[in-house]
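Undergrad: Line order of the protein sequences matches chains D and L.
Numbering-wise (my numbering), the first sequence opens with residue 1 and increments by one.
Numbering-wise (my numbering), the second sequence opens with residue 170 and increments by one.
Heads up, the beta-carbon is just placed ideally off N, CA and C, and yes, glycines get one too.
A single structure is presented below for examination.
Protein chains: 2
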Amino acid sequence: MKWDDLADQPCSVARTVAVIGDRWTLMILRDAFLGVRRFEAFQARLGISRTIIAERLKRLTDEGVLIKTPYQDRPVRHDYRLTDKGRDLYPVVMAIVTWGDRHYAGPAGAPLLHRHKACGCDFAPVMTCSECQAPVTAREVETRAGPGALMDRPSVIVPAAAPSPISPP
Amino acid sequence: MKWDDLADQPCSVARTVAVIGDRWTLMILRDAFLGVRRFEAFQARLGISRTIIAERLKRLTDEGVLIKTPYQDRPVRHDYRLTDKGRDLYPVVMAIVTWGDRHYAGPAGAPLLHRHKACGCDFAPVMTCSECQAPVTAREVETRAGPGALMDRPSVIVPAAAPSPISPP
DNA sequence: CCCCAAGGTTCAGAATTTGGACGGACTATC
DNA sequence: GATAGTCCGTCCAAATTCTGAACCTTGGGG
Numbered sequence: 001m002k003w004d005d006l007a008d009q010p011c012s013v014a015r016t017v018a019v020i021g022d023r024w025t026l027m028i029l030r031d032a033f034l035g036v037r038r039f040e041a042f043q044a045r046l047g048i049s050r051t052i053i054a055e056r057l058k059r060l061t062d063e064g065v066l067i068k069t070p071y072q073d074r075p076v077r078h079d080y081r082l083t084d085k086g087r088d089l090y091p092v093v094m095a096i097v098t099w100g101d102r103h104y105a106g107p108a109g110a111p112l113l114h115r116h117k118a119c120g121c122d123f124a125p126v127m128t129c130s131e132c133q134a135p136v137t138a139r140e141v142e143t144r145a146g147p148g149a150l151m152d153r154p155s156v157i158v159p160a161a162a163p164s165p166i167s168p169p
Numbered sequence: 170m171k172w173d174d175l176a177d178q179p180c181s182v183a184r185t186v187a188v189i190g191d192r193w194t195l196m197i198l199r200d201a202f203l204g205v206r207r208f209e210a211f212q213a214r215l216g217i218s219r220t221i222i223a224e225r226l227k228r229l230t231d232e233g234v235l236i237k238t239p240y241q242d243r244p245v246r247h248d249y250r251l252t253d254k255g256r257d258l259y260p261v262v263m264a265i266v267t268w269g270d271r272h273y274a275g276p277a278g279a280p281l282l283h284r285h286k287a288c289g290c291d292f293a294p295v296m297t298c299s300e301c302q303a304p305v306t307a308r309e310v311e312t313r314a315g316p317g318a319l320m321d322r323p324s325v326i327v328p329a330a331a332p333s334p335i336s337p338p
């Protein structure tokens, strides 16, 4: 299966992964959320080749995650900012940070702290239910095909044969 | 910079990405959360070469995200199940699904629906503050170096020079 | 004995990704 | 008006990764 085939699957994970599913794109997004905007800054912070930075920034821009805007004329210089669509990725990035903090922080603790300005506390994000506001865990969720599922290609969607989806060992 | 150097960075995103940051690993995790457990099932659903499946399952197992357990003797057959650490990735996967649902669902709607058993409703996950329980958006968060930051290599951590971290365009 | 099943491993060749050099469009400084 | 410097990219050879297909192992069935 090829990279772009992913985007055509009737699966939101596949479609999202087709846009942001590689190491460097995720690192670029991390930096974007930290306020990095310029090509040179991304390159300097990541220490990888300019080719990759350029390719990833282009993909993110084409997908509408970032927008390229001039910040000066003569010479024209652009920077890359998160769009609203890009900012919608914040839960993805925060979920990744949180997992890393929990499972890979050294004895000293987390490399970064996040303060919720509204309440003034350092916090961890909690995933809650949009309907009842209670925290949600994997086992409390039942997944089934939705309206966007392709009925002629159910294998991609329908949970595989197993006692129950997301069941305990 | 090489793949494994990522894991050594004082950054929880980098450390997490070093484990799950590639297309196929994320697709495997999606399937794992849908209840897929067997090598052959992962291979059949993803349609990619067995080599990649084997490599990714091994990495996830080595990292403690999946655990390989025998489900029958004679001949011994194993399956791969999510550990607690693996189940902690649910917010990551759900955040990815949610973003895909919002920005890439066709006119028909989302390919999958998620029902919160506790309240019986189909829901979308909402990221809330662990301290005040309010929903959190990117702009309400202020990021700063934490105890696990390396002071001798601040460039990896400290927000780049910008008017303010995560500021609006 | 031969074939099947599950769960892999091995290997050559194709495709992608990477790093490092180079280019182009300006400005600032002599 | 040379020269150097900044910023953003592109080009190409080399390194890595992915693919597809064959092969291996443990055991069962005809």
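(1) At a CB-CB cut-off below 7 Å, which residues of chain D make contact with Ala-223 (chain L)?
(2) From which residue to which residue does the alpha helix (DSSP H) around Glu-142 (chain D) run?
(3) Beta-carbon of Phe-208 (chain L) versus every beta-carbon of chain D: anything under 8 Å?
(4) Mind listing which residues of the region 302 to 320 of chain L have their C-beta closer than 9 Å to chain D's C-betas, in chain order?
(5) Could you have a look at Asp-31 (chain D) and say whether DSSP puts it in helix, strand or coil?
(6) Using 8 Å as the threshold, is the C-beta distance between Arg-50 (chain D) and Trp-24 (chain D) below it?
(7) Could you please give the first and the last residue of the uninterrupted alpha helix (DSSP H) stretch that includes Ile-221 (chain L)?
(8) Tell me the DSSP secondary structure of Ser-155 (chain D) in three-state form.
(9) So if DSSP puts Ile-67 (chain D) in a beta bridge, which residue, or which two residues, is it bridged to?
(10) In whole angstroms, what is the alpha-carbon distance linking Ala-118 (chain D) and Glu-309 (chain L)?
(11) Given that a residue counts as buried once 16 or more other Cβ atoms are within 10 Å of its Cβ, and exposed if not, what is Thr-185 (chain L)?
(12) When you compare only the Cα positions, how much space is there between Ile-221 (chain L) and Arg-77 (chain D)?
(13) If contact is defined by three or more beta carbon pairs under 8 Å, each pair taking one atom from either stretch, is the region 106 to 118 of chain D in contact with the region 239 to 258 of chain L?
(14) Measuring only between beta-carbons, confirm whether Asp-257 (chain L) sits less than 8 Å from chain D.
(15) For the alpha helix (DSSP H) containing Thr-137 (chain D), name the first residue and the last one.
(16) Keeping to the same chain, check which residues put their C-beta closer than 7 Å to that of Gln-212 (chain L); ignore five residues upstream and five downstream.
(17) Determine the extent of the alpha helix (DSSP H) in which Val-186 (chain L) is found, giving its start and end residues.
(18) Taking the alpha-carbon positions, what's the Cys-129 (chain D) to Ala-307 (chain L) distance?
(19) Does the distance from the C-beta atom of Gly-148 (chain D) to that of Ala-274 (chain L) stay below 8 Å?
(20) Just checking: is the beta-carbon of Ile-197 (chain L) within a distance shorter than 8 Å of some beta-carbon in chain D?
(21) Taking 8 Å as the cut-off, decide whether the C-beta atoms of Gly-146 (chain D) and Ala-201 (chain L) are in contact.
TA: Let's see:
(1) Within 7 Å of the CB of Ala-223 (chain L), no CB atom of chain D is found; the nearest one sits about 16 Å away.
(2) Per DSSP, Glu-142 (chain D) belongs to no alpha helix (DSSP H); it is in the beta strand (DSSP E), 141 to 145.
(3) Cβ-Cβ to chain D under 8 Å: no for Phe-208 (chain L).
(4) From the region 302 to 320 of chain L, only Gln-302, Ala-303, Pro-304, Val-305, Thr-306, Ala-307, Arg-308, Glu-309, Val-310, Glu-311, Thr-312, Arg-313, Ala-314, Gly-315, Pro-316, Gly-317, Ala-318 and Leu-319 have a Cβ closer than 9 Å to chain D.
(5) Asp-31 (chain D) falls in the helix class under three-state DSSP.
(6) Remark: C-beta atoms of Arg-50 (chain D) and Trp-24 (chain D) do not approach each other more closely than 8 Å.
(7) From DSSP, the alpha helix (DSSP H) with Ile-221 (chain L) extends over 219 to 231.
(8) Confidence at Ser-155 (chain D) is low in this model, with a pLDDT of 37, below 50, so the placement of that residue is unreliable and no value is reported for it.
(9) According to DSSP, which records beta bridges pairwise, Ile-67 (chain D) is partnered with D:Arg-81.
(10) Looking at the two C-alpha atoms, the distance is approximately 7 Å.
(11) Answer is buried; the Cβ neighbour count reaches 16.
(12) So the two alpha carbons sit approximately 41 Å from each other.
(13) Look at the beta carbons and you see the region 239 to 258 of chain L not touching the region 106 to 118 of chain D: under three pairs across the two are nearer than 8 Å.
(14) By this cut-off, Asp-257 (chain L) is an interface position.
(15) Per DSSP, Thr-137 (chain D) lies in no alpha helix (DSSP H) and is assigned neither H nor E.
(16) Answer for Gln-212 (chain L): Arg-219 and Ile-222, listed in chain order.
(17) Here the alpha helix (DSSP H) through Val-186 (chain L) covers 181 to 189.
(18) Straight-line Cα distance between these residues: approximately 19 Å.
(19) Taking a C-beta distance under 8 Å as the contact criterion, Gly-148 (chain D) and Ala-274 (chain L) qualify as a contact pair.
(20) For Ile-197 (chain L), not one C-beta of chain D is nearer than 8 Å to its own C-beta.
(21) Inclusion of Gly-146 (chain D) and Ala-201 (chain L) in the CB contact set at 8 Å is not warranted, their separation being larger than that value.
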